[in-house]
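Enquirer: Sharing a structure here in C-alpha cells format.
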Amino acid sequence: MTDDYYREGLKKECQKVFEELFHFFYADLCAYAMRFLPDEEDAKEIVQGCFVKIWENRMNADKINSFRFYLYKSVYNCILNYFKHKEHQNKYASHETYLLKQSYAINFEDTYCSEIHDKIRLEIEKLPPKNKDIFKLRYFDGYNTKEVSKILGITPRSVEAYISRSIKMLKNKFNTVEALTNIFLCLCMATHYYYMLNY
Numbered sequence: 091m092t093d094d095y096y097r098e099g100l101k102k103e104c105q106k107v108f109e110e111l112f113h114f115f116y117a118d119l120c121a122y123a124m125r126f127l128p129d130e131e132d133a134k135e136i137v138q139g140c141f142v143k144i145w146e147n148r149m150n151a152d153k154i155n156s157f158r159f160y161l162y163k164s165v166y167n168c169i170l171n172y173f174k175h176k177e178h179q180n181k182y183a184s185h186e187t188y189l190l191k192q193s194y195a196i197n198f199e200d201t202y203c204s205e206i207h208d209k210i211r212l213e214i215e216k217l218p219p220k221n222k223d224i225f226k227l228r229y230f231d232g233y234n235t236k237e238v239s240k241i242l243g244i245t246p247r248s249v250e251a252y253i254s255r256s257i258k259m260l261k262n263k264f265n266t267v268e269a270l271t272n273i274f275l276c277l278c279m280a281t282h283y284y285y286m287l288n289y
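Heads up, the sequence shown is in my numbering, so the first residue is 91 and it goes up one at a time.
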C-alpha cells in the first residue's frame, strides 16, 4: 500500500484502511520499541498509543509525507517521554541514558532511514576525503564533536565546519522533501541528544 492510499483512506474515515496500516507496521514497530524498553507490554502500549493518535488526527493525514517515517519518529519520541517519566519517579534512569547515547550514534541501517540508505551512502562516498572521514566518524561511528577533533588533531569548530559543508553538499544531491526530511531529522536528532548529554 502507498502513502497516498493511507492518506486518502484515513481522511475518508475508512476503518479498513486504518486496520491495514496498523497490521502492516505494528510488529516492526513493537520490535523497534523493544530494543530500548525493558518491558514488552510497555512497548506494545506505546506503539498502540501512536496508532490511536493517528486515528484521532485522521483528518490531518494529508500532512504526513511518509507513514513509515512518521510512525518510527512517533514511537521514538514516546519512548523518550516514557523514560523521562520514569526518571521523575527515580526509576530506570540508566535506561534513558542508554537510549539517548544510542540516539546520537545514528546508524544509517536504522529502519526509519532504510528507504534512502543506498542513495545516502553513495553520495557520502563522493564527498571530499576529509569531509567524508569526519562525517563517518560523527554519524556512522558515533563519536561526538570533541572526540572527532581529538582523533584528527583539529579544533571542534573545524569539525563543525566540515560537517556543515558536508550537509550542504548532501542537500544539493537530494531534491525531494521526504528524502531531505529523513536525512536531516536523523542528523538533528543525533546532534540534539549529544548536546543534551554533554552540556
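Glycine residues also receive a C-beta, built at the ideal position from the N, C-alpha and C atoms.
(1) Report whether the distance from the Cβ of I169 to the nearest heavy atom of the ligand GDP is below 8 Å.
(2) If D132 and Y172 are in contact, beta carbons under 8 Å, what's the gap, nearest whole angstrom?
(3) What's the C-alpha gap between D129 and A151?
(4) Compute the Euclidean distance between the alpha carbons of T235 and S256, then round it to the nearest angstrom.
(5) Taking all protein chains shown into account, do 16 or more other C-beta atoms lie within 10 angstroms of the C-beta of Y283, making it buried, or fewer, making it exposed?
(6) So I144 and C168 are supposed to be a Cβ contact under 8 Å. How far apart are they, rounded?
(7) Closest to Y233 by C-alpha separation, out of P219, V249 and K101, would be which residue?
(8) Take Y229 as the anchor and find which of G243, Y252 and I244 has the nearest alpha-carbon.
(9) Please report the distance separating the alpha-carbon of V165 from that of S156.
(10) E57 lies in the alpha helix (DSSP H); which residues open and close that run?
(11) Specify the secondary structure class of C104 as computed by DSSP and reduced to three states.
(12) Nearest-angstrom Cα distance between Q138 and I241?
Expert: In terms of the structure at hand:
(1) Among the components modelled here there is no ligand, and therefore nothing to report on the ligand GDP.
(2) Contact between D132 and Y172 holds, since their C-beta atoms are separated by about 7 Å, short of 8 Å.
(3) Roughly 30 Å between the two C-alpha positions.
(4) Whole-angstrom Cα-Cα distance: 14 Å.
(5) With a pLDDT of only 40 at Y283, under 50, the local geometry of the prediction cannot be trusted, and the value read off the model is given with reservation. Under this definition Y283 is a buried residue.
(6) The pair is not a contact, with the Cβ atoms about 13 Å apart (cut-off 8 Å).
(7) Considering only alpha carbons, the answer is V249.
(8) Cα-wise, what sits closest to Y229 is Y252.
(9) Each residue's alpha carbon lies about 14 Å from the other.
(10) Residue 57 lies beyond the range of the chain shown here (91 to 289); nothing can be said about it.
(11) Reduced to three states, the DSSP call for C104 is coil.
(12) Approximately 43 Å between the Cα atoms of the pair.
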